[in-house]
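Student: Residues in the sequence shown are numbered consecutively from 1, following this note's numbering. All C-beta atoms, glycine included, are put in the ideal place defined by N, C-alpha and C. Shown below is the structure under consideration.
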Amino acid sequence: MATPVWRSLQSQLFRFCKLKPATNSPVSLRPTIQGCLSKRMASGRTMHVSPSDFNWTRFKNEAHFYTLLGIVPLGSIILYSNLIIGQSELADIPEGYEPKKWEYYKHPISRWFAKYIFDDPIKQYEMEACKAAHTFEAARNNARIARVKDMIHRDDDYRAFYFVPAVDPRASDKVGTEFKDFKLNQQGSH
Numbered sequence: 001m002a003t004p005v006w007r008s009l010q011s012q013l014f015r016f017c018k019l020k021p022a023t024n025s026p027v028s029l030r031p032t033i034q035g036c037l038s039k040r041m042a043s044g045r046t047m048h049v050s051p052s053d054f055n056w057t058r059f060k061n062e063a064h065f066y067t068l069l070g071i072v073p074l075g076s077i078i079l080y081s082n083l084i085i086g087q088s089e090l091a092d093i094p095e096g097y098e099p100k101k102w103e104y105y106k107h108p109i110s111r112w113f114a115k116y117i118f119d120d121p122i123k124q125y126e127m128e129a130c131k132a133a134h135t136f137e138a139a140r141n142n143a144r145i146a147r148v149k150d151m152i153h154r155d156d157d158y159r160a161f162y163f164v165p166a167v168d169p170r171a172s173d174k175v176g177t178e179f180k181d182f183k184l185n186q187q188g189s190h
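Below, the structure written as structure tokens:
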């Protein structure tokens, strides 16, 4: 049941192959192993084993994502503050008006940081002065303690403030038995 078109294709397809299909059987169109060379497209059946790039690719993707997640909003804020708001200009201060601490900065981002993030310069000064006073007081107390210890050691006539008197165990036992006897005598008299 081969048509003339199929026969012409058969003759062209199998012209260079050593296997020729049988003319009267459609099953014989299947090539057999005898004498037919298999083509592997210039390479053998090989699989090159290499380390996985999954972790490196994931790291790159996440690094790019989180970098852009930070850069895009910050870039847009910086662009908006520079183009739309702009830097402040000097002007005369009205009578009776005391400028706020953040109004001394020129750039809008610096003003925002001074207003919401950084401490007031006066508050910072007071904190540093308090820290310096505490440091000075501690140094003065340490110098006094060292002088007292030196005088105690030099004169050797006074018990130091860290002196703890030793207790004779025999004396404490004697006092303990006397106290028990006293308690028993008081209970018996009632």
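Helix, strand or coil: which one does DSSP assign to S88?
Tutor: Numbered from 1 along the sequence shown, position 88 holds the residue referred to as residue 88. Coil, per DSSP.
Student: Would the segment 80–88 and the segment 105–118 be scored as touching if the rule is three or more Cβ pairs under 8 Å?
Tutor: These segments touch.
Student: What residue does the alpha helix (DSSP H) around V148 start on, and which one ends it?
Tutor: Against the sequence shown, residue 148 aligns to sequence position 148. Unbroken alpha helix (DSSP H) run through V148: P121 to D155.
Student: Consult DSSP for H64 and reduce its assignment to one of helix, strand or coil.
Tutor: As a first step, residue 64 must be located in the sequence shown, where it is residue number 64. In this structure, H64 counts as helix in the three-state DSSP scheme.
Student: Is DSSP giving R58 helix, strand or coil here?
Tutor: The residue given as residue 58 occupies position 58 in the sequence shown. Here R58 sits in helix by DSSP.
Student: In terms of residues, what are the limits of the alpha helix (DSSP H) holding K115?
Tutor: In the sequence shown, counting from the first residue as 1, residue 115 sits at position 115. It spans P108 to Y116 - the alpha helix (DSSP H) in which K115 sits, taken as one unbroken run.
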